[in-house]
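Comments concern the structure below.
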């Protein structure tokens, strides 16, 4: 979830306590102890379920999150391994490196490729337990009502 500030009197100090109230207008009201409240506006409320290659066909034209390994880079596209190969179309802001773990937030296209909206490089893949990542993806879809609404 991305948050933008609309009126922030000061930055939070380390370990400072605040109260958060979420309302129906996609805003978060923040109340500092001993200060006036201010509001953060949420930029997007669209769910971005975690998927891997076997789930691509169920999420055509939807925004998703994919954690995988960069296997190939070719100009403005790349192949990542997320329990199978996924073709991704990069943006100018995508700075992927071969054999690094990466999280992609993107929209699944009709051809099951993914158009990248944002990416995060997590460094050499050795630091990520991809079996655990796959277990999280499977749990996300087994209990989808917690994480996202299924399209009919």
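In the working numbering, the protein residues as written are 7 to 158.
From the three backbone atoms N, C-alpha and C, an ideal C-beta is built for every residue, glycine too.
In this text the structure is predicted, and so the values were computed from the model without any measurement.
So what does DSSP say about residue i, is it helix, strand or coil?
| i | result |
| --- | --- |
| residue 121 | strand |
| residue 55 | coil |
| residue 142 | helix |
| residue 166 | Outside the displayed span of the chain (7 to 158) sits residue 166, for which this structure offers no information. |
| residue 64 | helix |
| residue 137 | helix |
Anyone know if the C-beta pair for residue i and residue j falls short of 8 Å?
| i | j | result |
| --- | --- | --- |
| residue 1 | residue 86 | Here the chain comprises residues numbered 7 to 158, so residue 1 is not present and cannot be evaluated. |
| residue 93 | residue 83 | yes |
| residue 135 | residue 102 | no |
Skipping 5 residues on each side, what residues in its chain have a beta carbon closer than 8 Å to that of residue i?
| i | result |
| --- | --- |
| residue 91 | 59, 77, 85 |
Out of the options, state which residue places its alpha-carbon closest to the alpha-carbon of residue i.
| i | options | result |
| --- | --- | --- |
| residue 139 | 61, 153, 64, 72 | 72 |
| residue 56 | 95, 128, 111 | 111 |
Apart from the five residues just before and just after residue i, which ones in its own chain have a Cβ nearer than 7 Å to its Cβ?
| i | result |
| --- | --- |
| residue 121 | 95, 112, 113, 115 |
| residue 54 | 69, 70, 71, 111 |
Would you give the residue range spanned by the alpha helix (DSSP H) that residue i belongs to?
| i | result |
| --- | --- |
| residue 106 | Not the alpha helix (DSSP H): residue 106 falls in the beta strand (DSSP E), residues 106-114. |
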